[in-house]
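So the structure is just underneath, and the comments pick up after that.
Residue numbers (this note's numbering): 50 to 392.
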């Protein structure tokens with residue numbers, strides 16, 4: 050997955066050098082999913098053809114909205130028309146797996162404009178759609194406008210209505226929800242994202258990149274969730290691109306597992322168990338496999354989180370079906386409150 054930031058500021062040749070380095074360092078499976086992010090209006094058919102020729106087989110466009118006023122509010126540089134133009138260019142280039150990211154819950158966003166955005170997205174017949182509720186982040190212009198009272202704060206009830214509308218329209222259009230924020234056509238789930246939700250190890254490179262590695266399965270005797278035994282590690286690189294480059298260059302060609310490390314943390318067994326449940330519950334169909342949890346940690350899920358499970362099942366927020374623990378449909382809107390019970 051090439052993204053976070055805007056990888057298409059690089060030339061096709063530069064991206065080729067990155068993919069070549071990956072193939073030289075690792076065994077890349079022939080049918081591996083290879084995604085590149087891009088912003089609408091910044092790439093044309095020729096560029097996208099170049100990406101596909103490198104082996105990129107999935108494109109993800111940060112559309113956000115089909116309303117020009119909302120795009121301006123979000124500080125996006127593209128127009129609504131450019132989203133359709135870029136998607137068309139991708140199809141002409143030969144792309145067969147396209148994702149669009151959308152944002153809902155904006156200040157002053159109405160249900161009708163959201164419906165229009167969804168309808169225009171569906172009309173493009175993309176294979177995958179990701180929907181994210183707006184989060185106001187400090188340091189952004191939008192956060193400052195809300196803080197100064199120039200814009201109303203996002204309305205959680207309105208956002209919930211938008212989420213439910215999206216679920217209805219996308220289901221009618223043949224999309225299946227497989228994760229709280231993700232819908233896809235048959236066979237088009239994002240394998241990259243599934244790695245996160247299944248709490249599997251992942252390795253990332255580049256400025257600001259985060260990685261996670263488990264310590265492997267422990268015996269039941271060593272799997273006491275209340276012990277202080279370390280289970281795995283999470284680490285991240287320097288965010289500053291110039292600082293990252295400087296560190297890598299200073300290391301030269303000497304072997305080093307983390308040449309531009311910013312910081313990291315060790316994850317104890319209890320936290321890894323909790324994160325496995327929390328991330329797995331985001332998968333609306335798959336949920337958390339009870340046998341897989343016990344195989345991974347050496348203890349049944351009920352033994353580790355019995356009080357939490359009993360409470361949430363009594364509140365009709367969790368259910369067990371076919372050896373899988375899942376959020377109930379009504380719990381998806383308050384998933385974060387459910388997840389906090391495990392921390």
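The beta-carbon is built from N, C-alpha and C at its ideal position, and this holds for glycine as well.
- Boundaries of the alpha helix (DSSP H) harbouring residue 326: 318-330, taken from the DSSP string.
- Here residue 333 is near residue 375, since their CB atoms are less than 8 Å apart.
- In this model, residue 59 and residue 289 are separated by some 17 Å (Cα to Cα).
- Taken in chain order, the unbroken stretches of alpha helix (DSSP H) that lie wholly in the stretch 76-128 and span 4 residues or more are 94-102, 117-122.
- Residue nearest to residue 385 within the set 342, 329, 371, 369 is 329 (criterion: CA-CA distance).
- Distance from the CA of residue 241 to the CA of residue 249, rounded to the nearest whole angstrom, comes to 10 Å.
- Within the DSSP secondary-structure output, residue 285 pairs in a beta bridge with 259, 312.
- Looking from the CA of residue 202, the closest CA among 215, 219, 210, 184 belongs to 184.
- In the three-state reduction of the DSSP assignment, residue 214 falls in the helix class.
- By the criterion of at least three beta-carbon pairs nearer than 8 Å, the stretch 111-118 is in contact with the stretch 86-97.
- Per DSSP, residue 350 lies in no beta strand (DSSP E); the unbroken alpha helix (DSSP H) holding it starts and ends at 350-363.
- If you draw a straight line from the Cα of residue 146 to the Cα of residue 356, it is about 43 Å long.
- Taking C-alpha positions only, residue 115 is separated from residue 131 by approximately 9 Å.
- Less than 8 Å separates the beta-carbon of residue 263 from that of residue 321.
- Spanning the alpha carbons of residue 381 and residue 54 requires a straight line of approximately 28 Å.
- By the C-beta density criterion, residue 224 is buried, having at least 16 other C-beta atoms within 10 angstroms.
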